[in-house]
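Written below as structure tokens is the structure these notes are about.
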Amino acid sequence: MKPILLQGHERSITQIKYNREGDLLFTVAKDPIVNVWYSVNGERLGTYMGHTGAVWCVDADWDTKHVLTGSADNSCRLWDCETDNNEPYMKIPCNDSKITSAVWGPLGECIIAGHEGGELNQYSAKSGEVLVNVKEHSRQINDIQLSRDMTMFVTASKDNTAKLFDSTTLEHQKTFRTERPVNSAALSPNYDHVVLGGGQEAMDVTTTSTRIGKFEARFFHLAFEEEFGRVKGHFGPINSVAFHPDGKSYSSGGEDGYVRIHYFDPQYFEFEFEA
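1 is the number of the first residue of the sequence shown in the UniProt record's numbering; add one for each residue after it.
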């Protein structure tokens with residue numbers, strides 16, 4: 001499983017996202033650049049310039065006409081994917097606890113947000129009011145990613161766990177435990193698999209070897225909550241993972257500034273988990 005290596009950032013990768021069809025891969029990092037790549041061969045399609053600080057998050061809409069980015073320059077920019085125009089159209093103030101991750105809920109009727117303290121909130125997309133509030137994590141939620149059918153989502157937290165929730169009720173269903181903070185988690189569109197990326201805090205990385213730091217991408221079975229595989233590669237923690245919408249590959253972005261596209265070997269598709 002030899003990965004395709006994408007090098008387009010000078011700083012640590014913060015998030016990577018596929019569009020719905022999976023032909024494009026968007027990457028953002030702790031530099032002001034937003035990159036877009038062809039996922040099939042790793043060729044860079046273009047960049048969006050305009051932010052003046054680190055870019056923390058990126059997402060494309062249903063038909064890849066617009067791309068949304070959020071940055072440390074206190075701006076959220078909506079880019080025209082065909083050109084590079086940008087203008088935000090709504091702001092939801094949040095004064096209680098810092099929001100560290102957010103996704104659209106089912107049918108676009110709500111927004112699911114994870115907070116610094118470990119709380120999960122469901123906001124109405126029309127009014128901005130809080131519909132549901134739960135606290136299943138003890139520390140900051142680093143990442144939230146939905147399943148293909150949007151009925152479930154997985155959270156990644158600094159409390160060394162990733163957890164599966166119902167996206168309508170926010171009911172907690174499964175827990176995947178590791179020994180290090182989990183920075184990102186993604187659900188396979190085809191199988192009952194979840195991939196976790198993490199490692200220790202960036203400030204501690206220089207003092208440990210790769211094996212001790214636990215920098216591999218780790219695969220768990222969704223129902224049994226058991227680990228069945230690992231993929232090495234990054235030098236340093238993995239900050240973001242994403243499954244390709246066809247389920248035949250996944251990508252990871254690391255503290256080392258590289259993005260790796262991994263195509264699965266035939267053994268992965270033939271693998272059967274023994275209960």
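Beta carbons: idealized from backbone N, C-alpha and C, even for Gly. The model shown is predicted, which means the values in this text are computed figures rather than measured ones.
Subject >> the region 58-69 in contact with the region 123-140 per 3-pair CB rule at 8 Å >> reply: Two segments are said to touch when three or more pairs of C-beta atoms, one from each, lie closer than 8 Å; by this definition the region 58-69 does not touch the region 123-140.
**OP:** Just the C-alpha distance for Arg32 and His51, rounded to the nearest angstrom, thanks.
**Re:** In the sequence as presented, Arg is not what sits at residue 32; that position holds Pro. Looking at the two C-alpha atoms, the distance is approximately 5 Å.
Subject >> Residue environment, Trp79, which counts as buried when at least 16 other CB atoms sit within 10 Å >> reply: A residue is called buried when at least 16 other Cβ atoms come within 10 angstroms of its Cβ; Trp79 meets this threshold and is buried.
Original post:
So, are the CB atoms of Gly236 and Gly254 less than 8 Å apart?
Top reply: Yes.
Original post:
For Glu270, which three-state DSSP category applies?
Top reply: Correct three-state label for Glu270: helix.
Original post:
According to DSSP, what are the bridge partners of Asn121?
Top reply: Answer is Ala113, Asn133, bridged to Asn121.
**OP:** Figure out for me which residue from Phe271, Gly247, Gln267, Glu274 has the closest Cα to the Cα of Ile261.
**Re:** Relative to Ile261, the option among Phe271, Gly247, Gln267, Glu274 whose CA is nearest is Gly247.
**OP:** Report all residues from its chain with a CB closer than 6 Å to the CB of Tyr263; omit the five preceding and five following residues, and keep chain order.
**Re:** Counting only Cβ-Cβ distances below 6 Å, and skipping sequence neighbours, we find Ser249.
Subject >> For Thr69: DSSP bridge partner residues >> reply: For Thr69, the pairing in a beta bridge is given by DSSP as Val58, Arg77.
Original post:
Out of curiosity, what's the CA-to-CA distance linking Glu116 and Ala162?
Top reply: Cα-Cα distance, rounded: 15 Å.
Original post:
What separation, rounded to the nearest whole angstrom, lies between the Cα atoms of Trp62 and Arg20?
Top reply: The alpha-carbon atoms of Trp62 and Arg20 are separated by roughly 6 Å.
Subject >> Gln15: first and last residue of the uninterrupted beta strand (DSSP E) it sits in >> reply: Run containing Gln15: 13-18, per the beta strand (DSSP E) assignment.
Original post:
In this structure, what does DSSP give as the bridge partners for Glu227?
Top reply: Answer is Phe220.
Original post:
Can you find a CB in chain B that lies within less than 8 Å of the CB of Thr14?
Top reply: Although the question refers to chain B, the structure presented lacks it and comprises just one protein chain.
Original post:
Considering only C-alpha positions, which residue in the set Asp256, Glu270, Glu272, Phe269 is nearest to Lys30?
Top reply: It is Asp256.
Original post:
So what does Gln145 bridge to, in DSSP terms?
Top reply: Bridge partners of Gln145: Val154.
Subject >> Residue range of the unbroken beta strand (DSSP E) whose run includes Tyr258 >> reply: Element bounds for Tyr258: n/a, residue is neither H nor E.
**OP:** Use the C-beta contact count for Asn183: other C-beta atoms within 10 angstroms, 16 or more gives buried, fewer gives exposed.
**Re:** Result: buried.
**OP:** Could you tell me the distance, in whole angstroms, from the CA atom of His244 to the CA atom of Glu10?
**Re:** Between His244 and Glu10, the C-alpha separation is close to 24 Å.
Original post:
Going by other Cβ atoms of all chains shown within 10 Å of its Cβ, with 16 needed for buried, is Gly197 buried or exposed?
Top reply: Around the beta carbon of Gly197, 16 or more other beta carbons lie within 10 angstroms, which makes this residue buried.
Original post:
Hey, would you say Ala156 sits closer than 8 Å to Asn142, going by beta carbons?
Top reply: Yes, Cβ-Cβ distance for Ala156 and Asn142 is below 8 Å.
**OP:** Using DSSP bridges, identify the partner residues of Ile99.
**Re:** Residue pairing for Ile99: DSSP places it in a beta bridge opposite His115.
Subject >> Nearest residue (CA-CA) to Ala102, options Asp166, Phe165, Cys57, Glu226 >> reply: When each option's Cα is compared against that of Ala102, the closest is Cys57.
**OP:** Could you check what DSSP says for Gly198 in three-state terms: helix, strand or coil?
**Re:** Gly198: strand per DSSP, three-state reduction.
Original post:
So, helix, strand or coil for Gly46, using DSSP?
Top reply: Gly46: strand per DSSP, three-state reduction.
Subject >> Identity of the residue in Lys232, Gly46, Ile99 nearest Ser71 by Cα >> reply: Closest option to Ser71, Cα to Cα, is Ile99.
**OP:** Pull up the distance between the alpha-carbon of His193 and that of Tyr18, whole angstroms please.
**Re:** The alpha-carbon atoms of His193 and Tyr18 are separated by roughly 18 Å.
Original post:
When the Cα atoms are used, what is the spatial distance from Tyr191 to Arg44?
Top reply: Straight-line Cα distance between these residues: approximately 29 Å.
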